[in-house]
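For the sequence shown, the positions run 136 to 575 when this note's numbering is used. We put the CB at the ideal spot given by N, CA and C, even for glycine.
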Amino acid sequence: MTTVSVKDFGAIGDGTTINTLAFAKSIQHIEQQGGGTLIVPVGTYFTGAIKLCSNLTLVIEQGATLLFSDDAKDYPVVNSRWEGVKQDVYMPCIYGHNIENVIITGGGKIDGNGQKWWHTFRNDRTNLKYPRPYLIGFDFCERITIEKLFLTQSPSWTVHPMESNDVVVDNISILNPADSPNTDGINPESCRNVRISNCYIDVGDDCIAIKAGTEETVDKSPCENILITNCNMIHGHGAVVLGSEMSGCIRNVTITNCVFQKTDRGVRFKTRRGRGGAISDITFSNIVMDEVLSAFVMNYYYYCGPKGNDPIVWNKAALPVNEQTPACHNISFSNIIAKNVRAYAGFLYGIPESPIANISFDNIRVSMQIDAQAGEVDMFKDVKPEAGKGFFIENADTILFNNVIVDNVISEPLSIKNSTGVHVNQSFVKQDGKLLPLQA
């Protein structure tokens with residue numbers, strides 16, 4: 136297979152010359168050769184959207200930067216999904232559709248130049264004809280690897296594989312400003328066999344969000360067989376998040392050996408009536424959290440997005456179960472330390488007709504922050520800002536606490552409502568240096 140430099144096709148790495156055509160020509164050449172390697176050498180390469188081909192290794196060398204245009208005219212419109220809904224969107228900065236055997240690597244930098252996109256989204260959204268581009272997006276692809284890169288200033292979600300199989304994201308750093316809108320880190324959607332490892336993620340929304348389409352998604356498929364390991368997640372609305380797009384089901388997910396720092400929520404499950412689907416067989420282990428707002432959140436009344444204010448979403452009565460009823464079950468949390476937690480140690484709120492079920496907390500230590508400022512546990516209308524709360528459980532079935540200690544709780548170390556099968560074993564609340572039984 137061939138190896139070429141983007142400079143062989145006229146690219147100039149001066150930070151101002153537009154290089155979209157040079158990238159297109161170089162990738163077309165590699166495709167005609169049946170595959171190969173494209174080198175991006177030292178320099179800053181200003182460009183519009185780049186569409187990849189199969190059997191391609193894109194090497195962005197250390198000292199090289201891909202700097203993307205902030206002009207919408209440099210982004211062709213493609214038919215894809217936005218938050219689970221099939222529609223026309225601006226092509227991602229780096230994009231692959233129905234391709235295989237792609238590696239993006241090299242130690243360099245990919246800069247999405249997102250400031251103008253964010254400003255328009257916040258202040259003049261009518262000027263956005265289509266949803267903002269992702270920084271890296273793959274649809275219906277096989278065997279994709281993204282590794283050894285620094286990603287920053289993404290216009291929206293940073294890495295978004297969708298309906299893809301055998302995806303590896305390893306040893307990348309993502310840095311988006313904490314106030315940048317919807318700049319999630321890594322969002323696998325309806326993917327299979329995904330490994331996310333050794334990543335540093337500091338973003339303006341969820342750090343990693345696992346998704347599987349909404350009720351509006353025509354061809355629903357699961358997101359399954361996901362491993363997240365050895366990652367450090369900072370700021371953001373949630374460290375590891377499941378949902379709220381979960382209509383195709385999310386299952387067989389393992390999160391281990393990770394650090395969550397200063398995220399609004401550590402572990403976050405979010406859904407609502409209308410979504411349907413199930414989140415099941417999820418394992419969190421060997422996690423350290425520090426200065427999170429709430430450590431464990433499972434919210435069936437998530438209000439953000441279209442239809443979030445519909446009366447059916449907020450009805451607290453038990454409604455008939457149908458295909459649009461969400462479910463969460465078989466979730467395990469073990470060997471987790473959470474320090475300086477501000478609002479809730481845990482907030483588990485199901486719906487009466489579909490309780491959160493079969494949840495275990497084993498070997499957990501949660502220390503609440505002393506004199507913490509009250510905060511909102513999640514996007515949930517009926518809960519006021521709180522500080523120093525323990526575990527709140529409503530509409531749940533079969534919850535096990537084993538060897539759990541909660542420290543510095545101001546009130547209600549364990550509150551249980553409309554739930555059955557809550558078992559507490561060798562678990563305590565620590566007050567004034569004394570261990571007292573954890574009980575409702």
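Inset, instruction - Assess, as a yes-or-no matter, whether the region 266-275 is touched by the region 299-312 under the definition of 3 or more beta carbon pairs within less than 8 Å. - result: yes
Legend entry - Candidates 150, 143, 151, 149: closest to residue 159 by CA position: Checking every option, the nearest Cα to that of residue 159 belongs to 143.
Inset, instruction - Mind checking which residues open and close the beta strand (DSSP E) that includes residue 329? - result: 327-332
Legend entry - Distance, residue 340 Cα to residue 396 Cα: Residue 396 and residue 340: Cα-Cα distance of roughly 14 Å.
Legend entry - Best match in 447, 304, 469, 510 for proximity to residue 418 [C-alpha to C-alpha]: Nearest to residue 418 by C-alpha distance, out of 447, 304, 469, 510, is 469.
Inset, instruction - List the whole-angstrom C-beta distance separating residue 523 from residue 503, where the pair is believed to meet the contact cut-off of C-beta under 8 Å. - result: 5 Å
Inset, instruction - Specify, as a first and last residue, the run of the beta strand (DSSP E) that residue 528 falls within. - result: 524-529
Inset, instruction - Identify every residue that forms a DSSP beta bridge with residue 230. - result: 186, 272
Legend entry - Proximity winner among 487, 530, 543, 455, relative to residue 474 (alpha-carbon distances): With distances taken between CA atoms, residue 474 lies nearest to 543 out of 487, 530, 543, 455.
Legend entry - Nearest neighbour of residue 553, chosen from 176, 493, 487 [CA to CA]: Taking only the C-alpha atoms, the option nearest residue 553 is 487.
Inset, instruction - Write down every uninterrupted run of the beta strand (DSSP E) in the region 298-380 whose length is 3 residues or greater and which is fully enclosed by it, in chain order. - result: 300-310, 327-332, 335-338, 343-345, 358-364, 367-370, 373-378
Legend entry - residue 209 in three-state terms, based on DSSP: helix
Inset, instruction - Starting from the N-terminal side, write out each stretch of the alpha helix (DSSP H) that is 4 residues or longer and does not extend beyond the region 488-521. - result: none
Legend entry - Beta-bridge pairing of residue 425 - partner residues as DSSP gives them: Answer is 396, 474, bridged to residue 425.
Inset, instruction - Give every residue of the same chain whose Cβ lies closer than 6 Å to the Cβ of residue 223, excluding the five residues on either side of it in the sequence, and list them in chain order. - result: 212, 214, 265
Inset, instruction - Determine the direct distance from the alpha carbon of residue 303 to that of residue 513, and round the result to whole angstroms. - result: 30 Å
Legend entry - Residues bridged to residue 544 [DSSP beta-bridge criterion]: Bridge partners of residue 544: none, in fact.
Legend entry - Candidates 437, 388, 389, 194: closest to residue 237 by CA position: Distance check between residue 237 and each of 437, 388, 389, 194 places 194 closest, using alpha-carbon atoms only.
Legend entry - Between the CA atoms of residue 549 and residue 483 - distance to the nearest angstrom: C-alpha separation (whole angstroms): 11 Å.
Inset, instruction - Can you tell me which of the three DSSP states residue 296 falls into? - result: strand
Legend entry - Whole beta strand (DSSP E) elements within the region 420-468, 3-residue minimum: 429-434
Inset, instruction - Quickly, what does DSSP pair residue 203 with across the bridge? List them, please. - result: Residue pairing by DSSP places residue 203 opposite 182 in a beta bridge.
Legend entry - 6 Å Cβ shell around residue 390 - same chain, five flanking residues per side excluded: 363, 375, 419
Legend entry - Counted within 10 angstroms of its Cβ, other Cβ atoms place residue 380 as buried (16 or more) or exposed: buried
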